[in-house]
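K.L.:
Chain order of the listed sequences is E and C. When we follow our numbering, the leftmost residue of the first sequence carries the number 172, and every step to the right adds one. When we follow our numbering, the leftmost residue of the second sequence carries the number 172, and every step to the right adds one.
There are 2 protein chains.
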Amino acid sequence: MSASDGTERDPEAVSRFVESFAAQLVEAGMPRMPARVFAALLSADAGSLTSAELGELLRISPAAVSGAVRYLAQAHMVAREREPGSRRERYRVRGDQWYEALTNRESIMKRWEIALREGVASLGPETPAGRRMAETLAFFEFVEGEIAEMMSRWRDHRDRTFGPS
Amino acid sequence: MSASDGTERDPEAVSRFVESFAAQLVEAGMPRMPARVFAALLSADAGSLTSAELGELLRISPAAVSGAVRYLAQAHMVAREREPGSRRERYRVRGDQWYEALTNRESIMKRWEIALREGVASLGPETPAGRRMAETLAFFEFVEGEIAEMMSRWRDHRDRTFGPS
DNA sequence: CGCTTGCTTCAGAAATTTGTGAAGTTAAGG
DNA sequence: CCTTAACTTCACAAATTTCTGAAGCAAGCG
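(1) Please state if the CB of C:Ser232 and the CB of C:Gly226 are separated by a distance shorter than 8 Å.
(2) Go to C:Glu289, then tell me how far its alpha helix (DSSP H) extends in each direction, as first and last residue.
(3) For the region 225-281 of chain E, list the alpha helix (DSSP H) runs that are entirely contained and at least 4 residues long, ordered along the chain.
(4) What's the gap between the Cα of C:Phe188 and the Cα of E:Ala305?
(5) Quick one: what's got a C-beta closer than 7 Å to C:Ala286's C-beta in the same chain, skipping five residues either side?
(6) Cβ of E:Asp267 less than 8 Å from any chain C Cβ?
(7) Considering only their Cβ atoms, is the gap separating C:Leu294 from E:Ser214 smaller than 8 Å?
(8) Which full runs of the alpha helix (DSSP H) of 4+ residues lie inside the region 172-226 of chain E, going along the chain?
(9) Roughly how many whole angstroms lie between the Cα atoms of E:His328 and C:Val236?
(10) Could you tell me whether the Cβ of E:Met204 comes closer than 8 Å to any Cβ of chain C?
(11) Looking at the secondary structure, which residues open and close the alpha helix (DSSP H) in which C:Gly316 lies?
(12) Determine the contact status of E:Ala184 and E:Ala193, defining contact as a CB-CB distance below 8 Å.
(13) Please report the distance separating the alpha-carbon of C:Thr307 from that of E:Glu252.
(14) Does C:Val185 come within less than 8 Å of chain E when only Cβ atoms are used?
(15) Against E:Ile279, what residues of chain C qualify as contacts under a CB-to-CB distance less than 9 Å, listed in chain order?
(16) One question on the structure: do C:Phe311 and E:Trp325 come within less than 8 Å of each other, judged by their Cβ atoms?
(17) Taking any Cβ of chain C, which residues in the region 203-233 of chain E have a Cβ under 8 Å from it, in chain order?
(18) Among E:Ser222, E:Arg265 and E:Ser278, which has the Cα closest to the Cα of E:Arg258?
(19) Compare the Cα-Cα distances from E:Gln268 to each of C:Thr332, C:Arg303, C:Arg282 and C:Arg263 and report the closest residue.
(20) In its own chain, which residues sit with a C-beta less than 8 Å from the C-beta of E:Gly316, not counting the 5 before and 5 after it?
(21) Note down the Cα distance separating C:Pro182 from C:Val208, rounded to an integer number of angstroms.
(22) Would you please state the rounded distance, in angstroms, between the beta carbons of C:Arg230 and C:Val249? I believe it to be under 8 Å.
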């Protein structure tokens, strides 16, 4: 079996996983191509692939790769790396750090909070709607703090489970 | 000033808030109409509106209201209520409970976890990619537990801040 | 210096999504 | 019962999004 050398993998099975995981991401709101590219990177042993490899693996054009990667980089879910002495670029999923990006919806939460503060002001803090909105605002502020603590507990938990990196 | 009677609000200002908050929701991935309907409900003093009121407020067809409400009900962000002795329906945002729905992405997380478990199996738990995926899986499992605890702390915090409901 | 490789940008075709009007369904009220 | 009010479903038109091929640009290499 090819498992002995540790390098061969069933491309069929990998592709099935890539597509099925990408489908979940799409369902959660991520655009199709970024989702597929991300899933492909996640399942790459090196944790990184070049643009050409991605294009071949997913059967998509260089343009599609470019667009997807821009999206993912913006969301801090992949890092772009220049291969020294080549103009190839590697796109890397930073192992333990990509899912931290998921919890770093901070900028989104901030904007929600701003909108809610405006809402409380517009509607009046003493109106029923204003009070309801103030409570919602308090919730977001609370969650924001809690998430930071949770991530710190996670790092601790991870180090104990998988060993410090 | 109309503020003295507590019932009049500047429809202009309210509408501006509705649209601006809806825009934030859209940016976060919610479809346009559900976002607008939800924002309108959130800014209604009663916390509820009828289909007709929503249609007039947002200038959309009954069909659009129907579709939006179905989406929101599915996501547990609004409750449908039948007005007794009438075939009007009220759509209500359940004040303190709607944002709990936000954290109840449990079903989504569950599906991610299932996909990740399949991924670990497909790729082999001893491969680098398999290990990375196993760590991601552990992260989601961890977060799932943490969120439950966080919500319980929130309810406590809320009761102390706003008084028990 | 010019060729070549590799990514990016652009314009457009194709596919998907969205919202509407119209017809359909259900149930209250006479 | 029959009428009518209120929501829902359906089919289609419009708008938006998505992906591609082609052209453009930048950087290594001979």
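Ideal placement from N, C-alpha and C gives every residue a C-beta, glycine not left out. Just so you know, these numbers come straight off a predicted model, no measurement behind them.
P.N.:
Taking the definition as stated:
(1) Within the second sequence, numbered from 1, the residue matching residue 226 of chain C stands at position 55. Within the second sequence, numbered from 1, the residue matching residue 232 of chain C stands at position 61. In contact: C:Gly226 and C:Ser232 (Cβ atoms closer than 8 Å).
(2) Within the second sequence, residue 289 of chain C is the residue found at index 118, counting from 1. Where C:Glu289 is concerned, the enclosing alpha helix (DSSP H) stretches over Glu277 to Leu294.
(3) The qualifying runs are 233-245 and 269-274.
(4) Position 17 of the second sequence, counted from the first residue, corresponds to residue 188 of chain C. Position 134 of the first sequence, counted from the first residue, corresponds to residue 305 of chain E. The straight-line gap from Cα to Cα measures roughly 14 Å.
(5) As a working mapping, residue 286 of chain C is identified with position 115 in the second sequence. Within its own chain, no residue has a Cβ closer than 7 Å to the Cβ of C:Ala286 once the five positions on either side in sequence are excluded.
(6) Along the first sequence, one-based indexing puts residue 267 of chain E at 96. So, interface residue.
(7) Looking up residue 214 of chain E in the first sequence gives position 43. Looking up residue 294 of chain C in the second sequence gives position 123. Taking 8 Å as the Cβ cut-off, E:Ser214 and C:Leu294 qualify as a contacting pair.
(8) 182-198 and 203-213
(9) Translated into positions along the first sequence, residue 328 of chain E becomes position 157. Translated into positions along the second sequence, residue 236 of chain C becomes position 65. When rounded, the separation of the alpha-carbon atoms in E:His328 and C:Val236 is 46 Å.
(10) As a working note, residue 204 of chain E is residue 33 in the first sequence. No, E:Met204 does not count as interfacial toward chain C.
(11) Sequence index remark: in the second sequence, residue 316 of chain C carries index 145 (1-based). Per DSSP, C:Gly316 belongs to the alpha helix (DSSP H) from Pro299 to Phe333.
(12) By 1-based counting over the first sequence, the position of residue 184 of chain E is 13. By 1-based counting over the first sequence, the position of residue 193 of chain E is 22. Not closer than 8 Å, so no.
(13) Locating residue 307 of chain C in the second sequence gives position 136, where the first residue counts as 1. Locating residue 252 of chain E in the first sequence gives position 81, where the first residue counts as 1. Computed Cα separation, rounded: 22 Å.
(14) Counted from its first residue, the second sequence places residue 185 of chain C at position 14. Judged by the 8 Å Cβ criterion, C:Val185 is in contact with chain E.
(15) For the purposes of this step, residue 279 of chain E is identified with residue 108 of the first sequence, where counting begins at 1. Ordered by position in chain C, the residues that pass the 9 Å Cβ test against E:Ile279 are Gln195, Glu198 and Ala199.
(16) Walking along the second sequence from the start, residue 311 of chain C turns up at place 140. Walking along the first sequence from the start, residue 325 of chain E turns up at place 154. No, the pair does not count as a contact, with Cβ atoms beyond the cut-off.
(17) Per Cβ criterion, the list reads Leu213, Ser214, Ala215, Asp216, Ala217 and Gly218.
(18) Walking along the first sequence from the start, residue 258 of chain E turns up at place 87. Among E:Ser222, E:Arg265 and E:Ser278, the Cα nearest to that of E:Arg258 belongs to E:Ser222.
(19) Within the first sequence, numbered from 1, the residue matching residue 268 of chain E stands at position 97. Considering only alpha carbons, the answer is C:Arg303.
(20) On the first sequence, position 145 is the one that residue 316 of chain E refers to. Closer than 8 Å at the Cβ level, and outside the excluded window around E:Gly316, lies no residue.
(21) Residue mapping note: residue 182 of chain C aligns to position 11 of the second sequence, counting from 1. Residue mapping note: residue 208 of chain C aligns to position 37 of the second sequence, counting from 1. Spanning the two alpha carbons is a distance of roughly 16 Å.
(22) Here residue 230 of chain C refers to the residue found at position 59 of the second sequence. Here residue 249 of chain C refers to the residue found at position 78 of the second sequence. The pair is not a contact, with the Cβ atoms about 20 Å apart (cut-off 8 Å).
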